[in-house]
Amino acid sequence: MSTRLQFALGAGLLIALAAIPPVASLAGIPFLLTLFTRIVIVAIASVSLNLILGYGGMYSLGHAVYIGIGGYTVGILAFHGVHSGLVQWPLALAVSALFALVTGALCLRTRGVYFIMITLAFAQMVYFLTVGVAKYGGDDGLTIARRSSFGGLVNLADRTTFYYVSLAFLLAAVLVVWRISRSHFGMVVRGACANDRRMQALGFPTYRYRLAAYVIAGTMGGLAGALLANQTDFVNPEMLSWTRSGDLMIMVILGGSGSVIGPVAGTVAYMVLEEVLSGITEHWQIILGPLVVLMALVRQGGIVGWLSPKRHA
Amino acid sequence: MPDALVRTRGLCKHFGGVVATDNVTLELNRGEIHAVIGPNGAGKTTLINQLTGELFPDAGSILLDGRDITREPPAVRARAGLARAYQIVSIFPAFSVLQNVALAVQATQPHSFRFWREAARDARLLDPAMEILARLGLEGRAGALASQLSHGEQRQLELAMALATRPRVLLLDEPTAGMGHEESRHIVSLLGTLKSDYAILLVEHDMNAVFALADLITVLVYGRIVASGAPDEIRGDAEVKRAYLGEKKKAPRRTGAAD
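Protein chains in written order, with the working numbering: chain A, 115 to 427; chain B, -3 to 255.
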C-alpha cells in the first residue's frame, strides 16, 4: 500500500468529513449531521480494531464490547449524577483498558478460530450483564440526562461542536495507529502476525507486545463508546451485541485491513450504503451482503487495495 | 581445553513411541564448527529445536555459558546469544530484505515499546542491517521484498537475520540446502570466516562442506550419537561408514573439498 495514496485518500476523506456540517445546514438536512457524527465515531472503533486485526492478525469478534464499556461507563456515571467529562471519559478509557488487559491476557493464548470464539464469548458475557442489570435499564437501556460537561471548555450539547470534537478524535486515532504501525512496536506486532515462531527465535517475547496492542485498541474502542453515548444520550445492550462486532470487522475488511485509512473508508462506505439501502427496502442486508462478498472476491485489500495500482507479486 | 559455550547432557526426546533424541551429550565450542550429520530422520532438527527452546527435552539439560537454559522459552535463549537459521526458510515475505534484517537487529535492543519513531528510518537499525547484508552479498537486494528473492537468496537472508541478532552461538540447519553451486560455495567460505567469532552447530547434508568446515563431527543415527570426533577420525570410523556414509562409497578427502 503506497503511503502517497493513503495520504491522498485520507486528505480527501478529511476534507469531505469536515465539510459535512455546513453542507447539512445549507442543504437543510440536519439528519446528515446526525448520520455522519455516528459514522465518525464508529470509524474510531474501526480504526482501533484495525490495529489488532489488520496489523496483528488478531481477528476479534468482540470489539463492540469496548464501545459498550465506554458507553456504559459514561451512562452509569451520569445515572449517579457524575456529569464531568474529565471524570467520565478517563474512567471510560481506563475500564476499557482494564477489560482488554484481563481478557486479552487469556484470548492471546489462543490463535485463529479459537481467538475469534473467545473474544466473542467475553463480549457476550458483558452483553448479558448489561441485559441483566435492571438498575441500569437492562434490555431497555439507560437514558443519559445530560451530556458530558467539560466546564466552559467545549459544549458537547452543540451538534456542530460535538461533530468536530468527534472528527478531531478520529484524526487523532488515525494518526496514532499510523505512527504505531510503523514504529518499533508496530514492527514487532506485524512480525508476530506474519511469523510468530520466527519472532520468538529472534528474541522477541511477542505475547506482551500483542497484548499491549490489544489494550491500546480496546482503549480506543472505549473512547468511541464514550462519544457514542454522548451522541445518542442513551446506552443499551444493542451497542455491544455481537452483530455490532461483526459490522466493525466487515468495515475494516471492506475498507482494507492493514492500511491505516482503509477502515475509515470502509466505515463511511458501509454506513452510507446501509442508510441508502435501508431507505429502499427493510431487507437491505440482502443487497449489502452480496456486495461485500463481491468486494472480497473481486479484489482483496478492500477499498484501499481496489484504488491502488495493481502490484505484481 | 576448548571453551565450551553450549553443553547438553543426556538430552532425550520421544514422540510417542519414536525416540527422536536419545541421550545426546555434546558441546559447542567458541571458535569451532561442530557438524552434526546423520541420515534423514536421525533427529538433527529435533536436536536444534531443543537447543532453541521450540521443543523441551523429556530429560537432560542444556547449559549456555554455564547457565541452565533447559526450560527457558525461545525468546530468552535468543537474547542470551543463541541464533538459528531454519532449514525451511522462515522470513517475513511481505517485508523488504532490509526490513527483515533490521527487525533482527531490533531484537537486540532492550525492548521494543517504542510507539512513535518510524523503525524504517532508524539508523541504529538500518546501518547494522546494511552492514550484514553487505557481508552476505545481498546489499543490492536490500529494497526488494523478501518474497521476491530466489530460494538461494532467501537462505542467505535467513543467515543474515541470524547474524543480525549478534549471537554467540549459531545453529545452522542445512544452510546450503537447495542452493546453486555458486551460492553454496559462497556460504561455505563465509562460514569459514565466521567461525572464529562464534560457536557453530552445523547440520548439513553436503559432505564436502562438512569435511571442509567442521572441527568436530558428531554422527546421529536414530537420535543416538554413534560417533563423535575430528573429521579424520569420522572418515575412518567403521560404524559411521556402515550407518551413514555408505560402505562402498569413500568419504570425500579434505583437500580441495571446498572448491
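The beta-carbon is built from N, C-alpha and C at its ideal position, and this holds for glycine as well.
Bear in mind that the values here come from a model prediction, so they are computed numbers and not experimental data.
The region 14 to 77 of chain B is shown to contain whole beta strand (DSSP E) runs of 3 or more residues at 14 to 25, 29 to 33 and 55 to 60, in chain order. I294 of chain A has a beta carbon lying within less than 9 Å of a beta carbon in chain B.
Against chain B, the CB of F121 of chain A has no partner CB under 9 Å away; the residue lies outside that interface. Under the Cβ distance rule, R312 of chain A counts among the residues neighbouring chain B, one pair being separated by less than 9 Å. Per DSSP, G300 of chain A has no beta bridge partner at all. Burial state of Y186 of chain A is buried, judged by a 10 Å Cβ sphere holding 16 or more other Cβ atoms.
The alpha-carbon of L163 of chain A is positioned some 11 Å away from that of V329 of chain A.
Between the region 267 to 283 of chain A and the region 144 to 155 of chain A, the count of C-beta pairs closer than 8 Å reaches three or more; the two stretches touch. Inter-segment contact for the region 47 to 62 of chain B and the region 219 to 230 of chain B is absent: fewer than three beta-carbon pairs are separated by less than 8 Å. Using beta-carbon distances, V165 of chain B does not count as an interface residue toward chain A, since no partner is under 9 Å.
The C-beta distance from V165 of chain B to L1 of chain B rounds to 6 Å, short enough to fall under 8 Å. Inclusion of D193 of chain B and A81 of chain B in the CB contact set at 9 Å is not warranted, their separation being larger than that value. The CB of F52 of chain B never comes closer than 7 Å to any CB in chain A; the least such distance is about 14 Å.
For E114 of chain B, the three-state secondary structure derived from DSSP is strand. Secondary structure at L168 of chain B: strand, using DSSP grouped into helix, strand and coil. In the three-state scheme derived from DSSP, where H, G and I count as helix and E and B as strand, G218 of chain A is classed as helix. Cβ-Cβ distances below 6 Å link G415 of chain A to G370 in the same chain, with the five nearest sequence neighbours on each side left out; the list follows chain order. For L207 of chain A, no CB of chain B lies under 9 Å from its own CB, so it is not counted at the interface with that chain.
Rounded to whole angstroms, G336 of chain A and G265 of chain A show a C-alpha spacing of 22 Å. When 7 Å is used as the limit between beta carbons, R151 of chain B is near no residue of chain A, the shortest such separation being about 14 Å. With respect to N350 of chain A, L270 of chain A sits apart: the two C-beta atoms are not nearer than 9 Å.
For the 9 Å CB-CB criterion, H201 of chain B and A173 of chain B form a contact.
At least one beta carbon of chain A lies nearer than 9 Å to the beta carbon of A90 of chain B. By the 16-neighbour rule on beta-carbons within 10 angstroms, S295 of chain A is buried.
Contact of S108 of chain B with chain A by beta-carbon distance below 8 Å involves H298, F299, M301, V302, F318 and Y323.
Q105 of chain B and S92 of chain B have their C-alpha atoms spaced approximately 20 Å apart. Counting along the chain, no beta strand (DSSP E) covers F207 of chain B; the unbroken alpha helix (DSSP H) around it starts and ends at M203 to L209.
Nearest Cα to L94 of chain B within the set B:S185, B:A119 and B:I183: B:A119. In this structure, DSSP gives A195 of chain B an extended state, which the three-state scheme calls strand.
Taking the C-beta atoms as reference points, R73 of chain B is found nearer than 9 Å to G49 of chain B. Separation of D310 of chain A and S263 of chain A (C-alpha to C-alpha, rounded to the nearest whole angstrom) is 45 Å. For T257 of chain A, the pairing in a beta bridge is given by DSSP as A:F348. In terms of beta-carbon proximity, N309 of chain A lines the interface with chain B, with at least one pair separated by less than 9 Å.
Excluding residues up to 5 positions away in sequence, Q202 lie with their Cβ nearer than 8 Å to the Cβ of V196 of chain A in the same chain. Using a CB distance cut-off of 9 Å, L99 of chain B counts as an interface residue toward chain A. By the C-beta density criterion, E229 of chain B is exposed, having fewer than 16 other C-beta atoms within 10 angstroms.
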